[in-house]
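First comes the structure, then the notes that go with it.
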Amino acid sequence: MPARSTAPRVLSGAPFALVLVLLALSLICPPRAAADFTFDFKWGANFADGSSGSGNGEFLLPTDVVYANGNVYVSDLGNNRIQRFTFDGAYLQRWGAGGGSGAPGTGDGEFSSPFGISTDGQGNVYVADADNNRVQKFGPLGQFIARWGANGGNGSSGVGDAEFSNPFSVAVDPSSGHVYVADTGNSRIQRLDASGKYVAQFPMQMPGDVFPGTPAGIAVGATGDVYVSDLSYQRVAKFNAAGQPLGQWGKPGSAPGELSSPFEVDVDGDGNVFVADFGNDRVQQFDSSGKHLYSLGSSGKAAGQFSGPTGVAAGLPGRLYVADRGNNRAQSFVEAPPPDEPDVTPPQITDLRASTVRHKRGSSFTYRLSEDATVTFTISKRKLAFGKACGKSSKLRGKHHRHHHAPWFCMPLSPLANLTTEGKQGDNTYLFSGRLGGVRLRPGTYRLSAVATDAAGNESDPAKTLLIVLG
5 MPARSTAPRV LSGAPFALVL VLLALSLICP PRAAADFTFD FKWGANFADG SSGSGNGEFL
65 LPTDVVYANG NVYVSDLGNN RIQRFTFDGA YLQRWGAGGG SGAPGTGDGE FSSPFGISTD
125 GQGNVYVADA DNNRVQKFGP LGQFIARWGA NGGNGSSGVG DAEFSNPFSV AVDPSSGHVY
185 VADTGNSRIQ RLDASGKYVA QFPMQMPGDV FPGTPAGIAV GATGDVYVSD LSYQRVAKFN
245 AAGQPLGQWG KPGSAPGELS SPFEVDVDGD GNVFVADFGN DRVQQFDSSG KHLYSLGSSG
305 KAAGQFSGPT GVAAGLPGRL YVADRGNNRA QSFVEAPPPD EPDVTPPQIT DLRASTVRHK
365 RGSSFTYRLS EDATVTFTIS KRKLAFGKAC GKSSKLRGKH HRHHHAPWFC MPLSPLANLT
425 TEGKQGDNTY LFSGRLGGVR LRPGTYRLSA VATDAAGNES DPAKTLLIVL G
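In this note's numbering, the protein residues as written are 5 to 475.
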């Protein structure tokens, strides 16, 4: 079994233990910032500081994780067992040889390097028992149901129908209940019914490939499409239920959308595809057509960082679980709340009124605001204009008045000054005496316009206007 290589046949025939050694030598890649998910909690030995362990709730190279009906199942590869937890990481149960003590075994319910794990609609648990070359099926509480593989699943490898060679992953079609197996050593995908009866198979090969790929992780979406990660070509391949190629994405590298030893794959209810990008110490999300959406995680042991993640589960809406293999722990992330929508509602000015008093004694105007805002008032006065305006004219009679001038209401406005004040939601009053905005106001008629601006920069539109008559 190969790791971190794009050569065609590195995986085939190599001992599984050798693969683990090779995986541990993965390159450290530049940090990738999380986008839509934020760290929630982690669990494992010594408060999940990276230490391995064999006690309840402790791990040695956990490789996959799945959520179903309030339970989180983790394939604890190095301890040759499956562990069950609550959705928030509280230990519930373990099973494997010797009650999950850590020893490998070939009997019913025993494991030798359990890798991928999946569940069906009834909560049954399916495990790709890699070094035993078989798939085992259990009830929700770990009760053994069946095992499938060559010679009744006794540990032998095979190339026939429903026979396997180092199966890495397993997935259940939520609609049909059919079980898809990433038959890694045989470079193919096999499909069985819920009882383990062989249905079909198709090669891990896309148009233009010069050799078959190496399937590592597999997932089935709500529409029945099958997504398979490929260690040989560093990609995710998409097939329909009949095994016909629909598309592929990814290439070797560490840039967004590029992959380095992609392992388990999962699909959420919205069709988003999550990939455990082992060599890049991150999880990447794509849409169903392969468009990169974001990358989660970076290299390290701190909360939210990874060391060779191999498993990812998106079964619980708004939550993501990751099998952080190199750090011997599992981690949970929750969907970050969307950013607040920008406030685009402008403030409103109503009931703009002025008192009618003599200017020397002072005056005031009142207004009402829909919210706290900065109010800018502009004081303007009509400017005498000669000639025709508004299509009309009037003639001043008398010896010294021979010019035509526009009617008062058509004279252009001449701004005199601006003043700004902070207004509160509700009724407001502004007092002035003789001067307004630094300008001495003489008896006459003035135009007052008001514009309110809130903290988000939204302005009232249109401006409110008022005539002020000072005598």
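Each residue gets a CB set at the ideal place from its N, CA and C atoms; glycine is no exception. Keep in mind the model is a prediction, meaning the values are calculated, not measured.
Which residues mark the beginning and the end of the beta strand (DSSP E) in which F51 is found? By one-based count along the sequence shown, residue 51 stands at place 47. First-last for F51: A49 to A52, but that is the alpha helix (DSSP H), not the beta strand (DSSP E).
C-beta contact flag for D68 and I121 at 7 Å: By one-based count along the sequence shown, residue 68 stands at place 64. By one-based count along the sequence shown, residue 121 stands at place 117. Yes, the Cβ-Cβ distance between D68 and I121 is below 7 Å.
For M208, the nearest candidate out of S199, Y202 and R195 (CA to CA): The residue you call residue 208 lines up with position 204 of the sequence shown. Selected option, being the one with the closest Cα: R195.
Endpoints, beta strand (DSSP E) assigned at S173: Taking the sequence shown and counting its residues from 1, the one referred to as residue 173 is at position 169. S173 -> beta strand (DSSP E) spans S173 to V176.
Would T314 and R329 be called neighbours here (beta carbons separated by less than 7 Å)? The count along the sequence shown starts at 1 and reaches residue 314 at position 310. The count along the sequence shown starts at 1 and reaches residue 329 at position 325. Yes.
If I measure Cβ to Cβ from L64 and keep anything under 8 Å in the same chain, skipping five residues before and after, which residues do I get? For this step, residue 64 is matched to residue 60 along the sequence shown. Same-chain partners within the cutoff: S56, G57, S58, D80, L81, G82, N83, G106 and N332.
Below 7 Å between beta carbons: does that hold for P351 and A377? Residue numbering aside, residue 351 sits at position 347 when the sequence shown is read from its first letter. Residue numbering aside, residue 377 sits at position 373 when the sequence shown is read from its first letter. It is a contact, given that the beta carbons lie within the stated cut-off.
Please say whether F51 and G93 have beta carbons closer to each other than 7 Å? Counting from one through the sequence shown, the residue named residue 93 turns up at place 89. Counting from one through the sequence shown, the residue named residue 51 turns up at place 47. Taking 7 Å as the Cβ cut-off, G93 and F51 do not qualify as a contacting pair.
Ignore the nearest five residues each way along the sequence and tell me which others in D272's own chain have a CB closer than 6 Å to its CB. To locate residue 272, count along the sequence shown from 1; it is residue 268. So the qualifying residues of the chain are A318.
Rounded to a whole number of angstroms, what is the C-alpha to C-alpha distance between R446 and T382? One-based indexing of the sequence shown puts residue 446 at position 442. One-based indexing of the sequence shown puts residue 382 at position 378. Those two C-alpha atoms are separated by around 16 Å.
So the beta strand (DSSP E) N432 belongs to, where does it begin and stop? As a position in the sequence shown, residue 432 is number 428, starting the count at 1. N432 -> beta strand (DSSP E) spans G430 to F436.
Close-in-space but distant-in-sequence residues of the same chain around T42 (CB under 7 Å, 5 per side omitted): For the purposes of this step, residue 42 is taken as residue 38 along the sequence shown, with counting starting at 1. Closer than 7 Å at the Cβ level, and outside the excluded window around T42, lie F337, V338 and A340.
Proximity of D285 and F310 at Cβ, strictly below 7 Å: Position 281 of the sequence shown, counted from the start, is the residue given in the question as residue 285. Position 306 of the sequence shown, counted from the start, is the residue given in the question as residue 310. A contact, by the Cβ cut-off of 7 Å.
Measure how close the beta-carbons of L96 and R88 come, nearest whole angstrom, since I'm counting them as under 8 Å. Counted from its first residue, the sequence shown places residue 96 at position 92. Counted from its first residue, the sequence shown places residue 88 at position 84. Yes, they are in contact, since the Cβ atoms of L96 and R88 sit about 5 Å apart, within 8 Å.
Evaluate the contact criterion for the stretch 153-172 versus the stretch 131-142: three or more CB pairs, one atom per stretch, below 8 Å. yes
Taking T188 as the reference, which of V203, T424 and G221 has the closest Cα? Position 184 of the sequence shown, counting from 1, holds the residue named residue 188. Here the closest residue by C-alpha is G221.
Give the range of the beta strand (DSSP E) segment to which H296 is assigned. In the sequence shown, residue 296 corresponds to position 292, counting from 1. It spans H296 to L300 - the beta strand (DSSP E) in which H296 sits, taken as one unbroken run.
If I measure Cβ to Cβ from D229 and keep anything under 8 Å in the same chain, skipping five residues before and after, which residues do I get? For the purposes of this step, residue 229 is taken as residue 225 along the sequence shown, with counting starting at 1. Hits under 8 Å: K242, F243, N244, A245, L250 and S292.
Determine the direct distance from the alpha carbon of G442 to that of E375, and round the result to whole angstroms. Indexing the sequence shown from 1 puts residue 375 at position 371. Indexing the sequence shown from 1 puts residue 442 at position 438. If you take the alpha carbons of E375 and G442, they lie about 27 Å apart.
Tell me which residue opens and which closes the beta strand (DSSP E) that D355 is part of. The residue you call residue 355 lines up with position 351 of the sequence shown. Run containing D355: I353 to A358, per the beta strand (DSSP E) assignment.
If you draw a straight line from the alpha carbon of T90 to that of V78, how long is it in whole angstroms? Taking the sequence shown and counting its residues from 1, one reaches residue 90 at position 86. Taking the sequence shown and counting its residues from 1, one reaches residue 78 at position 74. Approximately 11 Å, taken between the alpha carbons.
Can you tell me whether D270 is helix, strand or coil according to DSSP? Indexing the sequence shown from 1 puts residue 270 at position 266. It is a strand residue.
Check this for me: beta carbons of L470 and L373, under 7 Å apart or not? In the sequence shown, the residue the question calls residue 470 occupies position 466. In the sequence shown, the residue the question calls residue 373 occupies position 369. Taking 7 Å as the Cβ cut-off, L470 and L373 do not qualify as a contacting pair.
Measuring straight from C-alpha to C-alpha, what distance separates N75 and D347? Mapped onto the sequence shown, residue 75 falls at position 71. Mapped onto the sequence shown, residue 347 falls at position 343. About 41 Å.
Based on DSSP bridge pairs, tell me the residues matched to S122. Residue numbering aside, residue 122 sits at position 118 when the sequence shown is read from its first letter. Looking at the DSSP assignment, S122 forms a beta bridge with Y130.
Collapsed DSSP secondary structure at K403 in the structure displayed: Walking along the sequence shown from the start, residue 403 turns up at place 399. Unreliable placement is indicated for K403, whose pLDDT of 49 sits below 50; no coordinate value is reported for it.
Beta-carbon spacing of S265, L300 below 7 Å: Along the sequence shown, one-based indexing puts residue 265 at 261. Along the sequence shown, one-based indexing puts residue 300 at 296. No, these two residues do not count as a Cβ contact at 7 Å.
On the three-state DSSP scale, how would you describe L81? Position 77 of the sequence shown holds residue 81. L81 falls in the helix class under three-state DSSP.
Just reading off the beta strand (DSSP E) that V183 is part of, what are its end residues? Within the sequence shown, the letter at position 179 stands for residue 183. Unbroken beta strand (DSSP E) run through V183: V183 to D187.
With a threshold of 6 Å (Cβ to nearest heavy atom), would F168 be considered close to the ligand SAH? For the structure depicted, the ligand SAH is absent and the ligand set is empty, with no information on it obtainable.
Within 10 Å of its beta-carbon, does V25 have 16 or more other beta-carbons around it, so buried, or fewer, so exposed? Position 21 of the sequence shown, counting from 1, holds the residue named residue 25. Unreliable placement is indicated for V25, whose pLDDT of 37 sits below 50; the coordinate value is still reported in the next sentence. Classification for V25: exposed.
Leaving out five residues on either side along the sequence, give the residues of the same chain with a beta carbon under 6 Å from the beta carbon of D112. Numbered from 1 along the sequence shown, position 108 holds the residue referred to as residue 112. Taken in chain order, the residues that qualify are F148.
Express the C-alpha separation of S302 and V139 in angstroms, rounding to a whole number. To locate residue 139, count along the sequence shown from 1; it is residue 135. To locate residue 302, count along the sequence shown from 1; it is residue 298. Cα to Cα, V139 sits roughly 32 Å from S302.
Backbone secondary structure at D197 - three-state DSSP: For the purposes of this step, residue 197 is identified with residue 193 of the sequence shown, where counting begins at 1. Note: D197 maps to coil in three-state DSSP.
Does the beta-carbon of N136 have 16 or more other beta-carbons within 10 angstroms, so that it is buried, or is it exposed? For this step, residue 136 is matched to residue 132 along the sequence shown. By the 10 Å Cβ count, N136 comes out buried.
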